[in-house]
Amino acid sequence: MTMLIRCVLVISLALTLAWTGWAGAGRAAGFRLLEDQTGRTVQVPAQPRRIVSLVPSLTEIVFDLGRGDLLVGATLYADEPPAAAALPRVGSYQHPDIERIVALRPDLCLATRDGNPGHVIRRIEGLAIPVFAFDPRTLPEIVESVLLLGELLDAGERAAEIAREMEGKMAGVERTVLVAADRPTVFFQIDAAPMISAGSGTFIDTLITAAGGRNLAAGPAGYPRFSWEDILAMRPEVVIIASMAGGHTEEELQREWLRWPEIPAVQNGRVHVVDAGLFDRPVPRLADALVSLVRLLHPDGAGNGR
């Protein structure tokens with residue numbers, strides 16, 4: 002065997018050992034098999050130590066669980082809580098930087114079915130980095146996500162506490178809706194312009210339904226666009242405006258609607274601007290969004306979800 006071949010073999014062995022040393026971090030403590038929220042069985046570290054979160058919502062929940070110290074990387078726009086801003090960035094959730102992820106030496110990545118492309122998850126797993134995926138589509142499924150992540154990160158007690166708080170708020174809203182006299186029609190405006198709302202199956206759609214309203218944008222399109230002609234024909238009884246992009250005052254957001262006094266919501270003073278931060282991610286504070294929504298739809302309700 003020539004000296005060159007020996008050198009190549011030695012280097013190859015060293016690289017292999019180095020790779021398994023970090024990609025398999027946690028093997029000393031063992032692994033376990035857990036079923037993620039998409040139905041996949043994933044081999045995860047028994048005690049994860051270096052986590053990269055591939056969506057802002059999961060970053061926030063990890064902090065909610067008191068395990069932010071385990072995060073070594075997060076995607077762009079992971080800005081809640083403020084401590085998340087200090088984490089190294091690994092690109093966007095749709096286009097993560099695989100090389101940057103590898104450089105952070107994670108023993109686990111957290112992903113969502115809808116947020117992260119399947120080919121990205123498969124590529125990361127092909128590098129011997131386990132990816133545990135979530136798929137919350139309703140508030141009860143967010144509760145399930147919290148409990149599952151709590152189990153994954155050895156934060157079960159805190160996860161159960163968060164789940165109880167969420168379920169208490171949801172139960173209060175359910176009691177209010179149960180005795181409500183009507184189910185008003187609702188148009189939820191996602192931003193100042195263009196006029197976009199939320200269709201069937203979105204978080205906002207499920208919130209409107211749970212809060213005792215009827216979503217006028219319900220339909221096959223996830224985030225359909227509307228003209229003022231469409232709105233005038235719909236005649237919403239309640240209008241909810243959440244400026245997801247920000248940069249507008251409450252007065253500015255309401256001004257366009259006030260030009261149309263023939264709309265029932267305008268006639269009755271039921272054009273409301275809400276905190277977009279409560280509605281934009283599948284995280285525990287979405288239960289607070291539900292409470293705020295039921296108070297707007299049923300202002301005379303007993304307790305209004307409290």
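First residue of the sequence shown: 2, per the working numbering; consecutive thereafter. Backbone N, C-alpha and C fix where the C-beta goes; we use that ideal spot for every residue, glycine too.
- Task: Between the Cα of residue 136 and those of 130, 149, 128, spot the shortest distance and give me the residue it belongs to.
- Result: 149
- Message: Counting C-beta neighbours from all protein chains within 10 Å, is the total for residue 286 16 or more, i.e. buried, or is it exposed?
- Response: buried
- Query: If you draw a straight line from the C-alpha of residue 186 to the C-alpha of residue 210, how long is it?
  - Reply: 10 Å
- Residue(s) in a DSSP beta bridge with residue 203: Answer by DSSP bridge pairing: none, since residue 203 is not bridged.
- In the DSSP assignment, find the alpha helix (DSSP H) that holds residue 120 and state where it starts and stops. 119 to 127
- Message: If you measure between the beta carbons of residue 111 and residue 66, is that distance less than 8 Å?
- Response: no
- Looking at the unbroken alpha helix (DSSP H) that takes in residue 74, where does it start and where does it end? Looking at the DSSP string, residue 74 is not in any alpha helix (DSSP H); the run it does join, the beta strand (DSSP E), is 72 to 74.
- Query: Across which residues does DSSP place residue 273 in a beta bridge pair?
  - Reply: 241
- Among 225, 140, 70, which one has its Cα closest to the Cα of residue 163? 140
- In three-state DSSP terms, what is residue 250? coil
- Neighbourhood of residue 199 by C-beta distance below 7 Å, restricted to the same chain and skipping five residues each side: 189, 191, 205, 206, 218, 224
- First and last residue of the uninterrupted alpha helix (DSSP H) at residue 62: 57 to 65
- Message: Could you give the first and the last residue of the continuous alpha helix (DSSP H) run that contains residue 292?
- Response: 287 to 298
- Message: Assuming contact is defined by CB atoms lying nearer than 8 Å, are residue 258 and residue 240 in contact in what I supplied?
- Response: yes
- In three-state DSSP terms, what is residue 153? helix
- Query: When the Cα atoms are used, what is the spatial distance from residue 180 to residue 302?
  - Reply: 8 Å
- Would you grab the beta carbon distance between residue 73 and residue 89 for me? Rounded to a whole angstrom, and I think it's under 8 Å. 7 Å
- Assign residue 216 to buried or exposed, taking buried as 16 or more other Cβ atoms, counted over all protein chains shown, within 10 Å of its Cβ. buried
- Using CA coordinates, which residue listed in 237, 245, 244 is at the minimum distance from residue 261? 237
- Query: Residues bridged to residue 90 by DSSP?
  - Reply: 75
- Task: State the DSSP-derived secondary structure class of residue 46, mapped to helix, strand or coil.
- Result: strand
- Over what stretch of residues does the alpha helix (DSSP H) that includes residue 233 continue unbroken? 229 to 235
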